[in-house]
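Respectively, the protein sequence lines represent chains A and B.
Residues in the first sequence are numbered from 449 upward in steps of one, following my numbering.
Residues in the second sequence are numbered from 449 upward in steps of one, following my numbering.
Heads up, the beta-carbon is just placed ideally off N, CA and C, and yes, glycines get one too.
Fair warning: this is a prediction, and the values are worked out from it, not measured in the lab.
2 protein chains.
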Amino acid sequence: MDRATRNRYETRAQIVKALAHPARLLIVDELSRHPERCVCELTELVGSDMSTVSRHLSLLKNAGLLEDEKRGQMVFYRLRAKCITKFFECIESVIARNTEIHAELRV
Amino acid sequence: MDRATRNRYETRAQIVKALAHPARLLIVDELSRHPERCVCELTELVGSDMSTVSRHLSLLKNAGLLEDEKRGQMVFYRLRAKCITKFFECIESVIARNTEIHAELRV
DNA sequence: GCCCCATTTGGCTAAAATTACAAATACCTG
DNA sequence: CAGGTATTTGTAATTTTAGCCAAATGGGGC
């Protein structure tokens, strides 16, 4: 495999990694249901230290999944990649199927 | 947030984490284009040690994304969650948009 | 049974991710 | 400008992940 191809998968992985955390999935989910949310609101939602949430947010932003806007002393984050929502449906279908199979094995 | 909700995002994250690696994305991509592939073929594709690839595969399988079938002394893996393909399109669109913006900043 | 081949697992090391606390920054208010 | 609030960044400890080599497992063929 050539370097370009390898780089493409590396780039993709970077974006997927940005999503690969429960707190960050929660944040993205929240932002898919609301036009925007400030750091303070998201901090309360996630329930971790604000510094931790801020890092999660900048990670998502660096991946290109969120955008931010500073208004006054607050910073508002918005979801930039709306298509992510469909991905969640796929994930849910996988979970549903996994649960089915678990149930089968149990019977 | 209650424990059930927290668990839901934890479960989702586990699946996303399974995808969050260039080699694993490559594997899933390959399996979306072919009905099945044995470990030896995937090992050659990825270009890492077979033991490493085997671990990637069992990770994806445990997440419910792949299924395997042993025939003779070989093990064949198949993609179980076809909808993942759409996710890749979304990722690609994010990458495309990121590149655009980079270009803008450069000019 | 013995040897060979494909795959998985154990054990270990190195690298990356996560988190909280503390300190810095930035902006608003009086 | 002083004080307060929202957010980010520095730092350091802990945990998780990745990778390879070597050894184990499980079939197949002679």
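- For the stretch 490–522 of chain A, residues whose beta-carbon sits nearer than 9 Å to a beta-carbon of chain B comprise Leu493, Val494, Gly495, Ala511, Gly512, Leu513.
- Note on geometry: alpha-carbon atoms of alanine 466/B and arginine 481/A lie some 25 Å from one another.
- Chain order gives no chain A residues near valine 487/B, where near means a beta carbon separation below 8 Å; the closest approach is about 17 Å.
- Put simply, the backbone Cα of serine 499/A is about 17 Å away from that of leucine 514/A.
- Residue environment: proline 483/B is assigned as exposed (fewer than 16 neighbouring CB atoms within 10 Å of its CB, all protein chains considered).
- For methionine 498/A, there is no enclosing beta strand (DSSP E); the residue is part of the alpha helix (DSSP H) that begins and ends at 498–510.
- DSSP, read as helix, strand or coil, puts glutamate 517/B in strand.
- Exposed is the label assigned to histidine 550/A, since fewer than 16 other Cβ atoms lie within 10 Å of its Cβ.
- For the 8 Å CB-CB criterion, valine 464/B and alanine 468/A form a contact.
- For arginine 526/A, not one C-beta of chain B is nearer than 8 Å to its own C-beta.
- The bridge partners DSSP lists for methionine 522/A are Arg519/A.
- In this structure, arginine 472/B sits away from leucine 527/B, with a CB-CB distance that is not shorter than 8 Å.
- Linking alanine 544/A to serine 496/A through their CA atoms gives a straight-line distance of about 28 Å.
- If the five residues before and after glutamate 517/B are omitted, its C-beta is found closer than 6 Å to the C-beta atoms of Phe524, all from its own chain and listed in chain order.
- The straight-line gap separating the alpha-carbon atoms of arginine 460/B and glutamate 540/A is approximately 7 Å.
- At least one CB atom of chain A sits nearer than 8 Å to the CB of alanine 468/B.
- The three-state secondary structure of cysteine 488/A, taken from DSSP, is helix.
- Neighbours of valine 542/B across chain A, judged by C-beta separation under 7 Å: Ile463, Gly512, Leu513, Ala529.
- Counted as a single uninterrupted DSSP element, the alpha helix (DSSP H) harbouring proline 470/B occupies residues 470–481.
- The C-alpha of alanine 529/B lies about 45 Å from the C-alpha of glycine 520/A.
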